[in-house]
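If you read the sequences in order, they're chains L and B.
So the first sequence is numbered by this note's numbering: it starts at 854 and just counts up by one.
So the second sequence is numbered by this note's numbering: it starts at 854 and just counts up by one.
For every residue, glycine included, the Cβ atom is placed at its ideal position computed from N, Cα and C.
Values in this document were obtained by computation on a predicted structure and should not be read as measured data.
Protein chains: 2
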Amino acid sequence: MELLKRRILQDGIVKDGNILKVDSFLNHQIDIDLLNEIGKEYKRRFANENITKILTIEASGIGIACIVAQYFNVPVVFAKKAKSANIDGNELYTSLVNSFTYKKEYNITVSKKYITADDNVLIIDDFLAQGNALLGLLDVVNQAGATTTGIGIIIEKGMQDGGNIIRSKGYNLQSLAVVDSMSTETGILFR
Amino acid sequence: MELLKRRILQDGIVKDGNILKVDSFLNHQIDIDLLNEIGKEYKRRFANENITKILTIEASGIGIACIVAQYFNVPVVFAKKAKSANIDGNELYTSLVNSFTYKKEYNITVSKKYITADDNVLIIDDFLAQGNALLGLLDVVNQAGATTTGIGIIIEKGMQDGGNIIRSKGYNLQSLAVVDSMSTETGILFR
């Protein structure tokens, strides 16, 4: 998606340790006009699919998923990272995720009421690196007996293994920008 | 907002301990059509204000803020609850919040780049109870030298102190539904 790649080149900041900061437009401050263009792009890419639900994970996936959902006329469900006092523990799908960004393990939880065997799920998230959060979401969809119809990622870090792992499992993974290399010296190169 | 109150009566679940679960349409599964009606309502209530930015807090505020932002044509900024490896610690506004739901203290952080003295801020969040998260967001706006033009809350728990504290400070607080009492026996009563 050229608009997105231009924006990453313009406003993305490469930091040591394979970090790409896009918090001026995607995951701290959010450019809603850009998200609407992203929603149109996903609708084009998944035009022939009968999607019934969009699944994402807190926190930075939620805004993207909500804007994208407007183009599919379906509800959003977001997986939670911490067990709140407001959730019934025995009515949850849970999956253990190992976070690259936060350098710790955590459980994600989704209420069994909101993903069912009848659902065709589009999974949305901002980043795909090692793919651990995404594998947790796929695990939740599988536990529900639902179908993962597609996966929409905004930025895939192509030099890490997540994309290959997910594609090798046969999923329809649509990453809008795949970064094949980045460094503070050479900048960002897209696939 | 009658549509919202009817939805709370229809799908909200009252639990012991002053808990109102609205996770079927607001903060786990999200009804995007309802959020768009909420966006129109806030636009009507803040029609004469020159809002330049919407500020919320992760996680469940983000989806609401993003849909609402479409009616004001402004970016969203969401305060983060945990310090990520991807944030520069010396470039942040921070404020300490005491959470009712999670029964612990945490710092919220906002990059100094995304709220500035020129901003007229609309703060959006799903719930207002004791008001601690909201006081943290107001503290961030004050640290930035920006103006809090308004506060939009979806559900205010009127039997707790937050609403009175915020109104006594002179803020334009617009709660779309104020719950004055609730119990598993008598159900939900609105103000």
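Only counting the same chain, and skipping five residues up and downstream in sequence, which positions put a Cβ closer than 6 Å to that of residue i?
i	result
B/D971	none
B/G998	A970
L/L1029	M854, L857 and I1007
L/Y895	V921 and G1005
L/E1009	L981, G1016, S1028 and V1031
L/R963	Residue 963 of chain L is actually Val in this sequence, not Arg. Around L/V963: A932, Y946 and V993.
Apart from the five residues on each side of it in sequence, which residues of its chain come closer than 7 Å, Cβ to Cβ, to residue i?
i	result
L/C919	V929
B/T1037	V867 and D869
L/G1003	F899, E902, L975, N1025 and Q1027
L/I904	F925, V927, N973, L975 and T1002
L/G892	I920, V921, Q923 and Y924
L/K874	G865, I866 and K868
L/G1076	Because chain L in this structure spans residues 854 to 1044, residue 1076 of chain L falls outside the shown range and cannot be described.
L/N880	S913 and D979
Can you pull the chain L residues whose beta carbon is under 9 Å from the beta carbon of residue i, in chain order?
i	result
B/Y967	D876, S877, H881 and Q882
Quick one: is residue i buried, meaning 16 or more other Cβ sit within 10 Å of its Cβ, or exposed?
i	result
B/L945	buried
L/V993	buried
B/N926	exposed
B/S1021	exposed
L/A938	With a pLDDT of 48 at L/A938, under the threshold of 50, the modelled position of that residue is not reliable, and the figure given next carries that caveat. Result: exposed.
L/L862	exposed
B/L1042	exposed
L/G1016	buried
B/G1040	exposed
L/G1023	exposed
DSSP beta-bridge partners for residue i?
i	result
L/S1021	None, per the DSSP bridge assignment.
B/I1008	B/F980 and B/A1030
B/Q882	L/V930
L/M1035	L/I1041
B/E958	B/N951
B/L945	B/S964
L/K906	L/V974
B/T1002	None; B/T1002 has no bridge partner.
B/I872	B/K868
Closer than 9 Å by beta-carbon distance: list the chain B residues that pair up with residue i, in chain order.
i	result
L/E911	E911, A912, S913 and I915
L/S964	D876, S877, H881 and Q882
Residues of chain L with CB closer than 8 Å to the CB of residue i, please, in chain order.
i	result
B/A986	Within chain L, no residue comes near B/A986; the closest Cβ sits about 14 Å away, beyond 8 Å.
B/A982	Residues of chain L passing the Cβ test: none, with the nearest at roughly 12 Å.
B/V929	Q882, I883, I885 and G916
B/L888	C919
Output, in chain order, the set of chain B residues within a Cβ distance shorter than 7 Å of residue i.
i	result
L/I1006	The premise fails here: L/I1006 is roughly 17 Å from chain B at the closest Cβ pair, so nothing lies under 7 Å.
L/A922	I885
Apart from the five residues on each side of it in sequence, which residues of its chain come closer than 8 Å, Cβ to Cβ, to residue i?
i	result
B/A986	I910, V950, S952, I961 and D978
B/E958	L949, V950, N951 and S952
B/D876	Q882
B/I968	K906, L908, V930, Y946, V974, V993, V994, A997 and A999
L/R859	none
B/K965	E944, L945, Y946 and A997
L/D1014	Q983 and G984
B/L888	G916, I917, I920 and V921
Say yes only if the C-beta of residue i is nearer than 8 Å to one or more non-hydrogen atoms of the ligand SAH, and no if none qualify.
i	result
L/A982	As for the ligand SAH, it is missing from this structure, which has no ligand bound.
When the Cα of residue i is compared with those of the options, which residue comes out closest?
i	options	result
B/I1019	B/G984, B/G1040, B/T1001 and B/D1033	B/G984
L/E890	L/A922, L/D864 and L/N871	L/A922
L/G916	L/K934, L/F878, L/I904 and L/G1023	L/F878
L/L990	L/K933, L/I885, L/G865 and L/K956	L/K933
B/D884	B/S913, B/R897 and B/L988	B/S913
For residue i, would you say it is in contact with chain C, using Cβ-to-Cβ distances shorter than 9 Å as the test?
i	result
B/N903	Absent from the structure: chain C. Protein chains present are L and B.
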